[in-house]
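Counting from 1, position 5 in the sequence shown corresponds to residue 10 in the numbering used here; the numbering is continuous, with no gaps.
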Amino acid sequence: MRTTVDLNPDLLNRIRQLADDEGISFKDALNRVVTRGLSESPIAGRQPYTLPKVALGIPKSMDARRMKEFLAQDELKRYARRTTADEPQ
Numbered sequence: 006m007r008t009t010v011d012l013n014p015d016l017l018n019r020i021r022q023l024a025d026d027e028g029i030s031f032k033d034a035l036n037r038v039v040t041r042g043l044s045e046s047p048i049a050g051r052q053p054y055t056l057p058k059v060a061l062g063i064p065k066s067m068d069a070r071r072m073k074e075f076l077a078q079d080e081l082k083r084y085a086r087r088t089t090a091d092e093p094q
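Right, dumping it as structure tokens:
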């Protein structure tokens, strides 16, 4: 079957190079590349990557309210350190 396909220049050159290297026609090289690409799924057979479990140091008992209180206290401590460090001795 005849059809028109627009290939970008890099791909066109790579298929021409394959045809020259293999001693086959451009048509056969293009068919080989398309067939290979359609038959091999890059995702098939690959295991999904799983992230390792890492303890973040936050206890499970720390709910949103307690976290908010903790962060507010921490902010006050940081502010106190900054303001006392800026005072002249």
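Think of the CB as a built atom: it goes at the ideal place given N, C-alpha and C, for glycine as much as any other residue.
With distances taken between CB atoms, is the gap from residue 23 to residue 34 smaller than 7 Å?
Against the sequence shown, residue 23 aligns to sequence position 18. Against the sequence shown, residue 34 aligns to sequence position 29. In contact: residue 23 and residue 34 (Cβ atoms closer than 7 Å).
Terminal residues of the continuous alpha helix (DSSP H) containing residue 61?
In the sequence shown, the residue the question calls residue 61 occupies position 56. Note, residue 61: premise wrong, no alpha helix (DSSP H); not H, not E.
At what residues does the alpha helix (DSSP H) containing residue 14 begin and finish?
On the sequence shown, residue 14 is found 9 positions in, with the first residue counted as 1. DSSP places residue 14 in the uninterrupted alpha helix (DSSP H) bounded by 14-27.
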